[in-house]
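Residue numbers (my numbering), protein chains in the order written: chain A, 928 to 1053; chain B, 928 to 1053.
Below: one structure, written as structure tokens.
There are 2 protein chains.
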Amino acid sequence: MERSKVLAALSALAHETRLDLIRLLMPLGTAGMPAGHIAQALGLAAPRLSFHLSALEQAGLLHSRKEARNVIYSVDATGLGKTISYLLNDCCSDHPEVLAACAHGRAQRQSAQGCGAVTLAGTVKT
Amino acid sequence: MERSKVLAALSALAHETRLDLIRLLMPLGTAGMPAGHIAQALGLAAPRLSFHLSALEQAGLLHSRKEARNVIYSVDATGLGKTISYLLNDCCSDHPEVLAACAHGRAQRQSAQGCGAVTLAGTVKT
DNA sequence: AGGGTATTTCAAGACTTCTTGAATAGTTGA
DNA sequence: TCAACTATTCAAGAAGTCTTGAAATACCCT
Chain A
928 MERSKVLAAL
938 SALAHETRLD
948 LIRLLMPLGT
958 AGMPAGHIAQ
968 ALGLAAPRLS
978 FHLSALEQAG
988 LLHSRKEARN
998 VIYSVDATGL
1008 GKTISYLLND
1018 CCSDHPEVLA
1028 ACAHGRAQRQ
1038 SAQGCGAVTL
1048 AGTVKT
Chain B
928 MERSKVLAAL
938 SALAHETRLD
948 LIRLLMPLGT
958 AGMPAGHIAQ
968 ALGLAAPRLS
978 FHLSALEQAG
988 LLHSRKEARN
998 VIYSVDATGL
1008 GKTISYLLND
1018 CCSDHPEVLA
1028 ACAHGRAQRQ
1038 SAQGCGAVTL
1048 AGTVKT
């Protein structure tokens, strides 16, 4: 991934409201959520929401589609994944301690060991 | 990791010069590099460098120590790891496609498959 | 076509971040 | 102590980001 795109994505993520948006939309997958519902869920004024949604879309972290009179927003998992991948792989050169901190976080959440190679093995398309 | 700390870390990372700093210091590990050498390596004016170094240190991504008349800066791998971990685990709930994009990036770099559970198994301290 | 709903665009102002040169502080060695 | 070196702090200006209300656009249904 190009540096400029990574910087754009990180800038986009580095804001409370936009991180809330990602966290809200992530579990919904490609189904996503119409802008109006998002505004209601997070208690945001429409122009403010629109501003942040378009920032995230511009950064390649969100995808939008029209459906009737609504605009549905959903997370662009690939864009988000590539951004994290840059930090983890290109930027940190797979530094052992960084990976350890990462794996530790997962272990806490999943009460499992390692980096979940099993889960990954099933999803990687080579 | 607390939200506010993650946001601070992401804000810190979302800047070209500071990302350069991390990338420069990462391979050096705890040995780090004195500020003057960093300035020379990246061609930065001293106040400008100082500004960005302290931003990264404030965000918990860098560590500094005095040595003679120099100040040595090194990456705080734990802080960086926790930040990435938040994005990957807490924020993205280990979404399969995000993990896949992440693993794909590593596969490209390492010409290996999966998420490198072997490397991780050796470094995680439970 | 007209009314109602959903969303975006616009413009202004407040606020924050970044860069730069000048000044300051701390450390070393003669 | 003085001079040289290393690094940080300060102040000012430029540039960018964020929020808000008002206006505009797009769409659906009757």
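Ideal placement from N, C-alpha and C gives every residue a C-beta, glycine not left out.
Please read these numbers as outputs of a predicted model, since none were measured by experiment.
Excluding five sequence positions before and after residue 945 of chain A, the CB atoms of its chain that fall closer than 7 Å to its own CB belong to 939, 979, 982 and 983, given in chain order. The beta-bridge partner set that DSSP reports for residue 1025 of chain A is empty. Below the 9 Å Cβ cutoff, chain A contributes 937, 938, 940, 941, 942 and 946 as neighbours of residue 937 of chain B, in chain order. In this structure residue 987 of chain A does not touch residue 1027 of chain A by the C-beta definition: roughly 29 Å separates them, more than the 8 Å allowed. A residue is called buried once 16 or more other Cβ atoms fall within 10 Å of its Cβ, and residue 1009 of chain A is buried on that count. If you check the CB distance, residue 976 of chain A and residue 962 of chain A come in under 8 Å.
Using a CB distance below 9 Å, the part of the segment 1015 to 1039 of chain A facing chain B consists of 1015, 1016, 1017, 1018, 1019, 1020, 1021, 1022, 1023, 1024, 1025, 1026, 1027, 1028, 1029, 1030, 1031, 1032, 1033, 1034, 1035, 1036 and 1037, ordered along the chain.
Contacts between residue 949 of chain B and chain A, judged by CB atoms closer than 7 Å, involve 1018 in chain order. Judged by DSSP in its simplified three-state form, residue 990 of chain B adopts strand.
With the criterion set as a beta carbon lying under 9 Å from some beta carbon of chain B, the members of the segment 991 to 1004 of chain A are 1002 and 1004, in sequence order. Cβ neighbours of residue 992 of chain B within its own chain (closer than 7 Å, five residues either side excluded): 999.
In the structure shown, residue 1001 of chain A adopts extended strand secondary structure according to DSSP, grouped into three states. Relative to residue 1023 of chain B, the option among A:932, A:953 and A:928 whose CA is nearest is A:953.
One thing to note: residue 1001 of chain B has its Cβ within 8 Å of the Cβ of residue 956 of chain B.
Taking the beta carbon of residue 953 of chain A as reference, the chain B residues within 9 Å of it are 1018, 1019, 1020, 1022 and 1025, listed in sequence order. Closer than 8 Å to the CB of residue 1011 of chain A there is at least one CB belonging to chain B. Taken through DSSP and simplified to helix, strand or coil, residue 960 of chain A comes out as strand. Within the same chain, and ignoring the five residues on either side of residue 966 of chain B in sequence, the residues whose Cβ sits closer than 8 Å to its Cβ are 972, 973 and 976. Per DSSP, residue 950 of chain B is one residue of the alpha helix (DSSP H) stretching across 943 to 952. Counted as a single uninterrupted DSSP element, the alpha helix (DSSP H) harbouring residue 939 of chain B occupies residues 930 to 940. Between residue 1021 of chain B and residue 1033 of chain A, the beta carbon gap of about 7 Å places them in contact (Cβ cut-off 8 Å).
The Cβ neighbour count for residue 1016 of chain A, taken over all protein chains shown within 10 Å, is at least 16; the residue is labelled buried. Rounded to whole angstroms, the Cβ separation of residue 1007 of chain A and residue 1019 of chain B is 6 Å, and the two are in contact under 8 Å. The beta-carbon of residue 934 of chain B is placed less than 8 Å from the nearest beta-carbon of chain A.
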